[in-house]
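Worksheet: one structure, shown below.
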Amino acid sequence: GADLPHAEWEKRMNHALETFDSSPTIMQRFQKGSLFDHQYWDPDSNELKTMKGRVRLCPYYFVEPGRVRLRGALATIAPADKKFVHGMSDAILVPSKIQ
139 GADLPHAEWE KRMNHALETF DSSPTIMQRF QKGSLFDHQY WDPDSNELKT MKGRVRLCPY
199 YFVEPGRVRL RGALATIAPA DKKFVHGMSD AILVPSKIQ
(Lines of atoms letter the chains of each structure in order from A; the text may use other names.)
(Lines give C-alpha, C1' and ligand atoms only; values in the text may rest on other atoms or scores of the structure.)
Protein backbone atom coordinates (compact mmCIF):
# COMPACT_ATOMS: atom_id res chain seq x y z
CA GLY A 139 0.00 0.00 0.00
CA ALA A 140 1.30 3.38 -1.02
CA ASP A 141 -0.83 5.09 1.60
CA LEU A 142 1.12 3.81 4.66
CA PRO A 143 4.79 3.18 5.47
CA HIS A 144 5.97 -0.44 5.18
CA ALA A 145 6.38 -0.80 8.96
CA GLU A 146 2.75 0.24 9.54
CA TRP A 147 1.47 -2.24 6.94
CA GLU A 148 3.56 -4.98 8.56
CA LYS A 149 2.10 -4.13 11.98
CA ARG A 150 -1.46 -4.22 10.65
CA MET A 151 -0.91 -7.48 8.77
CA ASN A 152 0.51 -9.15 11.88
CA HIS A 153 -2.46 -7.93 13.93
CA ALA A 154 -4.89 -9.29 11.32
CA LEU A 155 -3.19 -12.69 11.41
CA GLU A 156 -3.11 -12.79 15.22
CA THR A 157 -6.82 -11.96 15.57
CA PHE A 158 -8.14 -13.91 12.58
CA ASP A 159 -9.91 -16.58 14.67
CA SER A 160 -12.02 -14.01 16.53
CA SER A 161 -12.19 -11.21 13.94
CA PRO A 162 -11.39 -12.34 10.39
CA THR A 163 -9.94 -9.76 8.03
CA ILE A 164 -10.31 -10.01 4.28
CA MET A 165 -7.57 -8.51 2.14
CA GLN A 166 -8.31 -7.46 -1.40
CA ARG A 167 -6.19 -6.06 -4.17
CA PHE A 168 -6.59 -2.32 -4.71
CA GLN A 169 -8.13 -1.41 -8.04
CA LYS A 170 -8.31 2.23 -9.04
CA GLY A 171 -11.95 3.23 -9.44
CA SER A 172 -13.35 3.75 -12.91
CA LEU A 173 -15.01 7.00 -13.95
CA PHE A 174 -18.76 6.98 -14.57
CA ASP A 175 -21.54 9.50 -15.03
CA HIS A 176 -24.25 8.93 -12.42
CA GLN A 177 -27.49 10.75 -11.72
CA TYR A 178 -28.47 12.02 -8.29
CA TRP A 179 -31.22 14.13 -6.79
CA ASP A 180 -30.13 17.62 -5.73
CA PRO A 181 -32.51 18.74 -2.95
CA ASP A 182 -31.25 22.34 -3.09
CA SER A 183 -32.29 22.84 -6.73
CA ASN A 184 -35.04 20.19 -6.69
CA GLU A 185 -33.53 18.72 -9.87
CA LEU A 186 -32.02 15.50 -11.14
CA LYS A 187 -28.34 16.15 -11.93
CA THR A 188 -25.43 14.14 -13.30
CA MET A 189 -22.01 13.85 -11.67
CA LYS A 190 -18.84 12.37 -13.18
CA GLY A 191 -17.32 10.33 -10.40
CA ARG A 192 -14.90 7.59 -9.45
CA VAL A 193 -16.54 4.42 -8.12
CA ARG A 194 -15.25 2.46 -5.13
CA LEU A 195 -16.93 -0.86 -4.28
CA CYS A 196 -17.03 -2.20 -0.73
CA PRO A 197 -18.15 -5.83 -0.68
CA TYR A 198 -20.39 -7.23 2.05
CA TYR A 199 -19.78 -10.85 3.02
CA PHE A 200 -22.08 -12.88 5.25
CA VAL A 201 -21.18 -15.98 7.24
CA GLU A 202 -23.62 -18.79 6.47
CA PRO A 203 -23.50 -22.38 7.71
CA GLY A 204 -20.29 -23.86 6.37
CA ARG A 205 -19.22 -20.93 4.20
CA VAL A 206 -18.85 -17.21 3.64
CA ARG A 207 -20.78 -15.63 0.78
CA LEU A 208 -20.62 -12.32 -1.04
CA ARG A 209 -24.14 -10.89 -0.75
CA GLY A 210 -23.85 -7.26 -1.80
CA ALA A 211 -21.73 -4.17 -2.10
CA LEU A 212 -21.84 -0.47 -1.42
CA ALA A 213 -20.81 1.62 -4.41
CA THR A 214 -19.45 5.00 -3.35
CA ILE A 215 -19.20 7.48 -6.21
CA ALA A 216 -16.92 10.40 -5.36
CA PRO A 217 -16.44 13.45 -7.61
CA ALA A 218 -13.76 12.74 -10.22
CA ASP A 219 -11.55 15.59 -8.98
CA LYS A 220 -11.43 14.31 -5.37
CA LYS A 221 -8.90 11.79 -4.04
CA PHE A 222 -10.42 10.75 -0.71
CA VAL A 223 -13.77 9.03 -0.26
CA HIS A 224 -14.23 8.73 3.52
CA GLY A 225 -16.33 11.44 5.10
CA MET A 226 -17.08 13.13 1.79
CA SER A 227 -20.41 14.94 1.80
CA ASP A 228 -20.43 15.21 -2.02
CA ALA A 229 -20.34 11.44 -2.66
CA ILE A 230 -23.24 9.34 -3.93
CA LEU A 231 -23.88 6.09 -2.01
CA VAL A 232 -25.46 3.28 -4.02
CA PRO A 233 -26.30 -0.01 -2.26
CA SER A 234 -26.31 -3.07 -4.49
CA LYS A 235 -26.94 -6.79 -4.22
CA ILE A 236 -25.82 -9.96 -5.91
CA GLN A 237 -28.47 -11.48 -8.19
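Heads up, the sequence shown is in this note's numbering, so the first residue is 139 and it goes up one at a time.
Glycine included, C-beta positions come from ideal geometry on N, C-alpha and C.
This one's a predicted model, so the numbers in the text were calculated from it and none came from an experiment.
In the three-state reduction of the DSSP assignment, Lys149 falls in the helix class, which pools H, G and I. In the structure shown, Ala154 falls within a helical segment according to DSSP collapsed to helix, strand and coil. Excluding sequence positions up to five before and after Leu195, its CB lies within less than 6 Å of the CB of Ala211, Ala213, all in the same chain and listed in chain order. Beta-bridge analysis with DSSP links Pro233 to Leu212. Within the model, the alpha-carbon separation for Leu231 versus His144 is close to 31 Å.
For Pro181, there is no enclosing beta strand (DSSP E), as DSSP marks it with neither H nor E.
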